[in-house]
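*Asks:* Quick note: the sequence shown, position 192, residue 172 per this note's numbering, numbers continuous.
C-beta atoms are modelled at their ideal positions from N, C-alpha and C, and glycine is treated no differently.
Nothing here was measured: the structure is a model prediction, and the numbers come from that model.
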Amino acid sequence: MSTFSPDFQADEFLLDHYVGKTPLVRLQRLASHTQATILAKLEGNNPAGSVKDRPAYNMIMQAEKRGQIQPGDTLIEATSGNTGIALAMVAAMRGYKMTLIMPDNMSQERKDAMRAYGAALIEVSKTQGMEGARDLALQMQTQGHGFVLNQFGNPDNVAAHYLTTGPEIWQQTGGKITHFVSSMGTTGTIMGVSKYLKEMNPDIQIVGLQPEDGASIAGIRRWPEAYLPTIFEPSRVDRTMDIPQLAAEQTMRQLAQQEGICAGTSSGGAVWASIQLAQENPAAVIVCIICDRGDRYLSTGLFSVPDPQ
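1. Mapping DSSP to helix, strand and coil, what is A264?
2. May I ask which residues mark the beginning and end of the beta strand (DSSP E) holding M164?
3. Please report the straight-line C-alpha distance between M78 and A198, rounded to a whole angstrom.
4. By DSSP's criteria, T54 is part of a beta bridge. Which residues make up the other side?
5. May I have the straight-line CA-CA distance separating D290 from E111, to the nearest angstrom?
6. Quick one: Cα of Y277 to Cα of I241, how far?
7. Does the beta-carbon of N181 have 16 or more other beta-carbons within 10 angstroms, so that it is buried, or is it exposed?
8. DSSP has P191 in a bridge; who is on the other side?
9. Rounded to a whole number of angstroms, what is the C-alpha to C-alpha distance between V265 and L116?
10. Output yes or no for whether 8 Å exceeds the beta carbon distance between L80 and A93.
11. Can you say whether V(-1) is buried or exposed, counting buried as having 16 or more other CB atoms within 10 angstroms of its CB?
12. Is the beta carbon of R114 less than 8 Å from the beta carbon of A58?
13. If the criterion is Cβ atoms closer than 8 Å, does the pair G291 and T210 meet it?
14. Quick one: measure Cβ to Cβ for G29 and I65, integer angstroms, because I've assumed they're closer than 8 Å.
So, in structure tokens, the structure goes:
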């Protein structure tokens, strides 16, 4: 029987040891009718379960280093889910109070996860949407209720992916990547990865995804001009693809049933777009971002819908 020794010296727990370094796996069946290689980056393997762990950690740590915030302060952020969960996790670790604002039509699992980490949740109506949530966050900051990290305009969001996601993809593919596919929400992922990959090889094609008109896909946005994230630089995206909602949902279910990768609807959209690219480019090596895990969407019933035979 072993006993704890008082002489034991544990390393300080640093979350950056565990954020990132996510696996890259090849799709075996969904793209078997193509000659291209499609590789899925499983961001659901991050500690709080999504790609947003990367910018959440970096935004808080960099603001702390600049002296903008200190433990005990209240942080405020508008979110559709994943960023809020990630921020709530980092805030709990670093000793911050966290207020999150999100539309009320987001999945119950996401709301519960935020509260589990100790965050206070304010819901706006589906009609107000993310635009209303962002307006309220800035209004609360003006009124002195806390500090807005502003993922939509924060360069630390982009830097997180330039410093981690991009280099990981380059190393994991041995520099053979030809196409990078990512949903566009805050656009932090695609901006940071594009910057890094284009520095390594300007010929790599960067493909951004937005929902087609009328579609509602969590994690992918078609922003009105007034709300377009200020971190977004159109020149960093070579091609933009519109994602049909039905195609995203069907591919999401197929991804789970045929590849054993259970993820959300935006990830289904990323795989669907990757398959289209694979059909156009037989020699391609395509990397797509699997943003999160599907278990935070189970209550929506999307996994229970039978697909046409």
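*Replies:* A quick look at the data gives this:
1. Working through the sequence shown from its first residue, we reach residue 264 at position 284. The answer is coil: DSSP assigns A264 none of H, G, I, E or B.
2. Working through the sequence shown from its first residue, we reach residue 164 at position 184. It is not in any beta strand (DSSP E) - M164 carries neither H nor E in the DSSP assignment.
3. On the sequence shown, residue 78 is found 98 positions in, with the first residue counted as 1. On the sequence shown, residue 198 is found 218 positions in, with the first residue counted as 1. Rounded to the nearest angstrom, the two C-alpha atoms are 22 Å apart.
4. The residue labelled residue 54 in the question sits at position 74 within the sequence shown. BP columns for T54 point to K77.
5. Nothing can be reported for residue 290: it is not among the residues displayed for the chain, which extend from -19 to 289.
6. Taking the sequence shown and counting its residues from 1, the one referred to as residue 277 is at position 297. Taking the sequence shown and counting its residues from 1, the one referred to as residue 241 is at position 261. Going by the C-alpha atoms only, they are around 14 Å apart.
7. One-based indexing of the sequence shown puts residue 181 at position 201. N181 comes out exposed.
8. For this step, residue 191 is matched to residue 211 along the sequence shown. I223.
9. Position 285 of the sequence shown holds residue 265. Position 136 of the sequence shown holds residue 116. Approximately 42 Å, taken between the alpha carbons.
10. Counting from 1 along the sequence shown, the entry for residue 80 is found at position 100. Counting from 1 along the sequence shown, the entry for residue 93 is found at position 113. Contact flag unset, no.
11. Indexing the sequence shown from 1 puts residue -1 at position 19. Flag for V(-1) reads buried.
12. Your numbering for residue 114 matches position 134 in the sequence shown. Your numbering for residue 58 matches position 78 in the sequence shown. Inclusion of R114 and A58 in the CB contact set at 8 Å is warranted, their separation being smaller than that value.
13. Outside the shown range of the chain (-19 to 289) lies residue 291, about which nothing can therefore be said.
14. Walking along the sequence shown from the start, residue 29 turns up at place 49. Walking along the sequence shown from the start, residue 65 turns up at place 85. Indeed, because the Cβ distance is near 7 Å, the residues count as touching under 8 Å.
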